[in-house]
Every structure is written in C-alpha cells, then in structure tokens.
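Following: one structure in structure tokens, then a few remarks.
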Amino acid sequence: MSDRASLPVLVTGGSGFIGSHVCDALLQLGMAVRCMDNFATSKRSNIAHLEGRPDFALVEGDIRDAEACRNAMVGARAVVHLAALGSVPRSIADPLSSHATNLTGFLNVLDAARLEGVDRFVYASSSSVYGNSKELPKREPNTGDPLSPYAVTKAGNELYAQLYTRLHGLNTIGLRFFNVFGERQDPEGPYAAAIPKFIRAFLKHEAPQVHGDGQQSRDFTYVGNAVMAVLAALESADARAVGQVFNVAYGDRTTLLELIDALRNALAKTDPAIGRVGVQHVAERAGDIRDSLADISKARELLGYAPQFDLKAGLERAVPWYVQHWG
Ligand SMILES: NC(=O)c1ccc[n+]([C@@H]2O[C@H](COP(=O)([O-])OP(=O)(O)OC[C@H]3O[C@@H](n4cnc5c(N)ncnc54)[C@H](O)[C@@H]3O)[C@@H](O)[C@H]2O)c1
C-alpha cells in the first residue's frame with residue numbers, strides 16, 4: 318500500500334442511510350474511514366457497529382461550518398460527500414435550511430477538499446435535476462427545469478464541482494442517485510422516502526398513502542448498487558470520468574402501485590393479515606416528477622458500474638431488515 322492509500326477517506330453524512338453502507342464497504346476493502354456527521358437526519362445507531370475500530374473515526378461536525386470542514390479534511394486522501402438535507406417536500410417547506418446545508422455546506426466541503434489537495438471528490442447529486450424534462454430514459458446532458466429548491470441545490474452542486482475541476486483541477490465525480498432504498502433508510506418522520514414509509518405502514522396494518530393515482534414510476538435503486546457506484550467513482554482510473562456526472566440507478570422502472578403489491582406480497586409471507594391491507598390515495602404533491610427512469614450506459618462505460626441488484630433482489634434484502642427492526 319502506498320503512503321497515500323493508507324490515508325482515510327472522508328465520508329460526510331457517513332452516519333446516514335447511504336453513508337453508513339459506504340463506510341461499511343470502504344472498511345471492508347481495507348480503507349480507513351473518517352465519518353463527518355451532525356446527525357441532523359440520521360441515527361448514531363447506524364454506525365454504532367463501527368465506533369471503536371482503529372480504522373474508523375467519527376467527527377461530529379456540521380458542514381455549514383467552514384472551519385469544521387477544513388479540520389475534518391486534514392490528512393484525507395479522498396472525499397465521499399453525502400451530507401445533505403434530503404426530501405423535495407422539506408425543501409419546499411423550508412428552502413433556507415436546504416440551501417444552507419446542500420449548497421453552502423457543499424461549497425464548504427468542496428473548498429476544504431481543494432485546500433487539502435485530495436485525490437478525488439465524489440459527491441451525491443440527484444435524479445431531481447431532471448426536473449420537468451419528459452425524456453425517458455433520462456440521459457445526463459438533458460436536464461430540465463428544477464421543480465424544487467432541493468433540485469436547485471443539487472444542480473448547483475454539479476455546477477460548483479465542475480467549476481472546481483476546470484479552475485483547480487480537482488478530480489470531482491458526481492453521482493445522480495435515483496430513489497435509493499435499503500436497510501437503515503429511516504421510515505419515520507414527515508420526509509421519509511416511499512419504500513420505508515410503505516413498509517412501516519403495512520407493518521402497522523395501515524394502508525400506505527399514495528399521492529395521486531399511483532401510476533407514477535421510479536427507477537428504484539438498491540443501496541448495494543449505489544455503494545458500488547461510489548466505490549467505482551472513487552477508484553476509477555479513467556480520466557474521462559473526471560468532472561462528470563453519472564446516473565446511478567438500476568435502469569428499470571416500477572409504478573408505485575406495482576411496488577406496493579410487491580411489498581404487500583413480501584410482507585404477507587410472515588404476516589398474512591398484511592395481504593388484506595389496501596392503499597389510501599391522497600392529493601398529488603408539488604415538486605414530484607411523474608416518471609423516472611435512468612439510462613445508465615455512461616456509468617457502465619466510464620466507471621465500470623454494473624448494478625447487481627434489481628428491485629426484487631433489493632427488496633429481498635431490505636424487507637427482512639424492516640421486519641426485524643420495525644415490525
Ligand atoms: N436516498 C435517496 O434516494 C437519494 C436520492 C438522490 C440523492 N440522494 C443524496 O444522497 C445523499 C445521502 O442521502 P441519504 O438517503 O443517505 O440521506 P440521509 O438523510 O440518511 O443521510 C444524510 C446524512 O447527512 C447528515 N447531515 C445532514 N445535514 C448535515 C450537516 N449540516 N452537517 C453534517 N452532516 C449533515 C445527516 O445527519 C445524515 O446522516 C444526500 O446527499 C442525498 O441528497 C439520496
């Protein structure tokens with residue numbers, strides 16, 4: 318191992334849903350990890366199994382604090398920047414908070430990475446940047462007008478990262494995640510994502526709430542695929558990948574009603590009463606995209622990304638976790 322290879326990878330938002338899986342994967346590959354998080358939207362229990370390891374360090378800090386970012390960056394080899402306030406509805410209700418964390422906080426981490434001279438800066442963008450674009454499947458160059466402050470912050474992340482590549486030669490790679498799901502995704506609170514919220518409702522024998530007719534479709538992406546993309550982006554030796562953004566998804570789409578059927582069937586195997594729970598339709602939500610499906614050929618070609626888990630395989634892993642922790 319070269320000297321630099323032994324330096325830690327800084328994972329911001331490392332106690333979050335995707336972040337905690339990224340920390341696990343990096344450690345499994347023998348890399349040292351420094352996790353920076355302020356637990357704004359995650360539980361410390363997500364990383365409890367890592368605390369105390371000599372190759373894992375936790376920095377409790379806020380990315381809105383530029384000095385905290387510079388301190389957390391000292392000696393880091395690379396960055397996986399995942400810290401953000403997720404959720405489109407949250408950003409519509411409280412745009413200032415989303416802006417402060419997702420855009421100002423992003424710039425704090427990006428600039429600290431530049432000052433430290435890290436080898437690579439991998440960051441989470443989002444499928445929300447496709448906004449009102451009707452194109453299916455979504456291809457990277459063809460973004461639309463943003464439909465929410467959240468989407469604006471993610472589009473801004475991409476502009477800043479690409480600018481830092483051009484101005485400072487920082488090796489940035491952006492990953493546009495599409496509806497990631499899996500173990501540890503929080504099912505609680507007003508801004509929970511669809512899959513954990515639906516599972517939680519079924520486990521309580523309550524009808525899951527669907528906004529609109531339920532025919533809207535998504536490219537649901539198991540977290541194992543998202544982690545693989547992060548690792549590929551960190552390690553990719555292809556110079557053409559630098560300064561680029563990539564769709565990260567499975568490459569298939571499922572309607573919400575189809576998803577709900579799959580969840581009901583999976584959960585009814587252990588609790589037959591769930592098989593009789595229906596669906597509650599409520600008003601459509603502002604800022605929501607109707608259909609979402611990714612073209613993942615760019616990530617396949619330049620990052621060697623090859624998703625291993627389709628929706629069924631992902632649910633086979635995720636559902637038992639929810640039954641165990643939330644049933
Ligand atoms: N989950 C998805 O479907 C999805 C889709 C597209 C993009 N993303 C992006 O991926 C990243 C990770 O998302 P996630 O689903 O794991 O969400 P998450 O909420 O579980 O993780 C985000 C983490 O960032 C931390 N954080 C928030 N504000 C912070 C601050 N000011 N300082 C330090 N830490 C802070 C939170 O405590 C949390 O641990 C985010 O950037 C999100 O926007 C996620």
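Take the sequence shown: its position 51, counting from 1, is numbered 368 in our numbering, and each next residue is one higher. We treat Cβ as the ideally placed atom computed from N, Cα and C, and that holds for glycine. Predicted model only: the values in this text are computed from it and were never measured.
Subject >> Contacting residues, own chain, Cβ-Cβ under 8 angstroms from Arg634 (five flanking each side not counted) >> reply: Cβ within range, chain order: Gly499, Glu500, Tyr539, Gly541, Phe626.
Original post:
Just reading off the alpha helix (DSSP H) that Glu552 is part of, what are its end residues?
Top reply: Judged by DSSP secondary structure, Glu552 falls within the alpha helix (DSSP H) whose first and last residues are 540-552.
Original post:
What did DSSP end up calling Asp428 once you bin it into helix, strand or coil?
Top reply: DSSP places Asp428 in helix when its eight states are reduced to three.
Original post:
To which residues of the same chain is Ala566 closer than 7 angstroms at the C-beta, ignoring the five residues directly before and after it?
Top reply: Around Ala566: Phe495, Asp536, Thr538, Ala611, Ile613.
Original post:
Hey, Gly422 and Arg381 are a contact pair by Cβ (cut 8 angstroms); roughly how many whole angstroms apart?
Top reply: With a Cβ gap of about 5 angstroms, Gly422 and Arg381 count as contacting.
Subject >> Helix, strand or coil at Phe334 [DSSP, three-state] >> reply: In this structure, Phe334 counts as helix in the three-state DSSP scheme.
Subject >> CB-CB length for Thr329 against Met353, believed under 8 angstroms >> reply: Their Cβ separation, rounded to whole angstroms, is 5 angstroms, which keeps Thr329 and Met353 in contact under 8 angstroms.
Original post:
Should Met545 be counted as a contact of ligand 1 given a C-beta to heavy atom distance under 8 angstroms?
Top reply: It does not: the Cβ of Met545 is nowhere closer than 8 angstroms to a heavy atom of ligand 1.
Original post:
Which term fits Asn582, buried or exposed, when burial requires 16 or more other beta carbons within 10 angstroms of its beta carbon?
Top reply: Classification for Asn582: exposed.
Subject >> Residue from Leu548, Gln526, Asp530 whose Cα sits closest to the Cα of Arg607 >> reply: Per the Cα distances, Asp530.
Original post:
Taking all protein chains shown into account, do 16 or more other C-beta atoms lie within 10 angstroms of the C-beta of Gly595, making it buried, or fewer, making it exposed?
Top reply: Exposed, since its Cβ has fewer than 16 Cβ neighbours within 10 Å.
Original post:
Under the criterion of a Cβ to heavy atom distance below 8 angstroms, does Gly422 qualify as lining ligand 1?
Top reply: Yes, since a heavy atom of ligand 1 falls inside the 8 angstroms radius drawn around the Cβ of Gly422.
Original post:
Roughly how many angstroms lie between the CA atoms of Asn624 and Met545, to the nearest whole one?
Top reply: Reading off the sequence, residue 624 comes out as Pro, not Asn. About 7 angstroms.
**OP:** Can you tell me which of the three DSSP states Gly644 falls into?
**Re:** Three-state DSSP puts Gly644 in coil, outside helix and strand.
Subject >> C-beta contact flag for Ala554 and Leu492 at 9 angstroms >> reply: Ala554 is not a Cβ neighbour of Leu492, given a cutoff of 9 angstroms.
Subject >> Touching by the beta-carbon criterion (3+ pairs, under 8 angstroms), the stretch 432-443 and the stretch 457-471 >> reply: Cβ pair count under 8 angstroms is three or more, so yes.
**OP:** Mind checking which residues open and close the alpha helix (DSSP H) that includes Val469?
**Re:** Run containing Val469: 466-485, per the alpha helix (DSSP H) assignment.
Original post:
Cβ atoms of Ser415 and Pro454: under 9 angstroms apart, would you say?
Top reply: It is not a contact, given that the beta carbons lie outside the stated cut-off.
Subject >> Ser444 Cβ short of 8 angstroms to ligand 1 heavy atom set >> reply: The answer is yes for Ser444.
Original post:
Apart from the five residues on each side of it in sequence, which residues of its chain come closer than 7 angstroms, Cβ to Cβ, to Ser450?
Top reply: Here the set comprises Asn459, Thr460, Gly461.
Original post:
What is the residue span of the alpha helix (DSSP H) that His416 lies within?
Top reply: Run containing His416: 412-416, per the alpha helix (DSSP H) assignment.
Subject >> Reduced DSSP category for Met348 - H, G, I as helix; E, B as strand; rest coil >> reply: Correct three-state label for Met348: coil.
**OP:** Taking 9 angstroms as the cut-off, decide whether the C-beta atoms of Thr572 and Ser534 are in contact.
**Re:** Yes.
Original post:
Tyr477 and Arg431 look like a contact to me (Cβ under 8 angstroms); what is the Cβ gap, rounded to whole Å?
Top reply: In fact, because the Cβ distance is near 11 angstroms, the residues do not count as touching under 8 angstroms.
Original post:
Does the Cβ of Phe356 have 16 or more other Cβ atoms within 10 Å, making it buried, or fewer, making it exposed?
Top reply: It counts as exposed.
**OP:** Quickly, what does DSSP pair Gln526 with across the bridge? List them, please.
**Re:** Looking at the DSSP assignment, Gln526 forms a beta bridge with Gln597.
Original post:
For Ala590, which residues of its own chain have a beta-carbon under 8 angstroms away from its beta-carbon, when the five flanking residues on both sides are left out?
Top reply: Residues His522 of the same chain have their beta carbon placed closer than 8 angstroms to that of Ala590, with the five preceding and five following residues left out of the count.
Subject >> Counted within 10 angstroms of its Cβ, other Cβ atoms place Gln532 as buried (16 or more) or exposed >> reply: Exposed, because fewer than 16 other Cβ atoms sit within 10 Å of the Cβ of Gln532.
Original post:
Quick one: does the C-beta of Ile490 sit closer than 8 angstroms to a heavy atom of ligand 1?
Top reply: Answer for Ile490: no, Cβ out of range of ligand 1.
Original post:
Comparing alpha-carbon positions, which option in Pro504, Asp428, Leu367 lies nearest Arg387?
Top reply: Checking every option, the nearest Cα to that of Arg387 belongs to Asp428.
Subject >> Among Asn564, Ile409, Gly631, nearest to Pro513 - alpha-carbon criterion >> reply: Ranked by Cα distance from Pro513, the options Asn564, Ile409, Gly631 are led by Gly631.
Original post:
For Gly506, is the beta carbon positioned less than 8 angstroms from some heavy atom of ligand 1?
Top reply: No, ligand 1 has no heavy atom inside 8 angstroms of this Cβ.
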